[in-house]
Amino acid sequence: MASKPSFPSILNLNVGGIVYTTTLRTITRDPNSLLGRMFSGTNEVACTCDSKGNYFIDRDGSLFRHILNFLRTWELCLPQPFDEFEQLSADADFYQVGDLIKALQTRREDRRRNPPPSDGPSVIFVTDEMTLNGLAVAGHGEAISEVFAGITDQWYFGLNRCISPLRISISKMDAFDLLYRHGFQLEGCNGGASNNRAVFHEYIFTRKNKL
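Per UniProt numbering, the sequence shown starts with residue 1, numbered consecutively.
So this is what it looks like as structure tokens:
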């Protein structure tokens, strides 16, 4: 009968070529996870070592820091912007860290309801025509969907192209407030009359590159 393996209190893990040092207590914090079972001493999941004696896991080394930090703090803290959300979700499934999987699912739903701001310079034109109710907005489609989410039922997430004027039922002051809250600044305005002689004012809002 094979004896149960014993592990030191401090472990070195080689994950995809990057070596991490952590404690046995941290790595087994979720006993039902793959890591918890690997280092539980039950022989349920075999451990492999590299030539230097580090325990080896053939996964993405850079993303493992987020797995390890979650086990340390039990909180999901990701840098912003973070562009590897789907890959991290796949790794969470691989390591079978149940609470991390749930936290990522919650974050995914939050991202779906509140998409991240579009990158790069954005321009939105707001037109107030005196004879009509509401406003017309035009400009970068993704920025319009970001600023006026819940007001317009037409969505342009992921599109950097410009769109034609879209009418929204909102007051001018409320529209300006939303634009300011999303980092836009008023750059200029002009006015005149359209072909049917209706007086209008057009306001130009811009937002610079996000850092």
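Glycine included, C-beta positions come from ideal geometry on N, C-alpha and C.
Practice problem: Kindly list the residues whose CB is nearer than 6 Å to the CB of Asp83, restricted to its own chain and excluding five residues on each side of it in sequence; keep chain order. | Solution: Here residue 83 corresponds to residue number 83 of the sequence shown, with the count starting at 1. Once the five neighbours on either side are set aside, Asp83 has no close Cβ partner at all.
Self-check item: Simplified DSSP state of Phe85, which is helix, strand or coil
Solution: Working through the sequence shown from its first residue, we reach residue 85 at position 85. DSSP places Phe85 within a helical segment (H, G or I) once states are collapsed to three.
Exercise. Can you say whether Asp93 is buried or exposed, counting buried as having 16 or more other CB atoms within 10 angstroms of its CB?
Key: Translated into positions along the sequence shown, residue 93 becomes position 93. Looking at its Cβ environment, which holds fewer than 16 other Cβ atoms inside 10 Å, Asp93 is exposed.
Exercise. Compare the C-alpha of Ile204 against each of Val147, Val123, Leu166, Ser145 and name the closest.
Key: Your numbering for residue 204 matches position 204 in the sequence shown. The shortest C-alpha to C-alpha distance from Ile204 to any of Val147, Val123, Leu166, Ser145 is the one to Val123.
Quiz item: Of the choices Phe56, Ile101, Val45, whose alpha-carbon is the least far from that of Leu71?
Solution: Mapped onto the sequence shown, residue 71 falls at position 71. Nearest to Leu71 by C-alpha distance, out of Phe56, Ile101, Val45, is Ile101.
Exercise. Mark Ile186 as exposed unless 16 or more other C-beta atoms lie within 10 angstroms of its C-beta, in which case mark it buried.
Key: Locating residue 186 in the sequence shown gives position 186, counting from the first residue. Looking at the sequence provided, one finds Leu at residue 186 rather than Ile. Classification for Leu186: exposed.
Quiz item: Under a three-way DSSP split, which group does Gly158 fall into?
Solution: If you number the sequence shown from 1, residue 158 lands on position 158. With a pLDDT of 44 at Gly158, under the threshold of 50, the modelled position of this residue cannot be trusted; read the value that follows with caution. Of the three classes helix, strand and coil, the one that applies to Gly158 here is coil, per DSSP.
Exercise. With DSSP as the reference, label residue 220 as helix, strand or coil.
Key: As shown, the chain starts at 1 and ends at 211. That puts residue 220 outside it, with no answer to give.
Self-check item: Proximity winner among Gly17, Asn12, Arg108, Leu68, relative to Asp30 (alpha-carbon distances)
Solution: Residue 30 sits at position 30 when you count from the first residue of the sequence shown. The shortest C-alpha to C-alpha distance from Asp30 to any of Gly17, Asn12, Arg108, Leu68 is the one to Leu68.
Practice problem: Could you tell me which uninterrupted alpha helix (DSSP H) segments, each at least 4 residues in length, are contained entirely in the region 19-64, listed from first to last along the chain? | Solution: Within the region 19-64, the complete alpha helix (DSSP H) runs of at least 4 residues are 24-27, 34-38.
Practice problem: Please report how far the alpha carbon of Thr206 lies from the alpha carbon of Lys52, in whole angstroms. | Solution: The residue given as residue 206 occupies position 206 in the sequence shown. The residue given as residue 52 occupies position 52 in the sequence shown. One alpha carbon belongs to Thr206, the other to Lys52, and they sit about 55 Å apart.
Exercise. Please list, in chain order, all residues of the same chain as Arg25 whose beta carbon is under 8 Å from its beta carbon, the five residues on each side excluded.
Key: By 1-based counting over the sequence shown, the position of residue 25 is 25. Closer than 8 Å at the Cβ level, and outside the excluded window around Arg25, lie Ser9.
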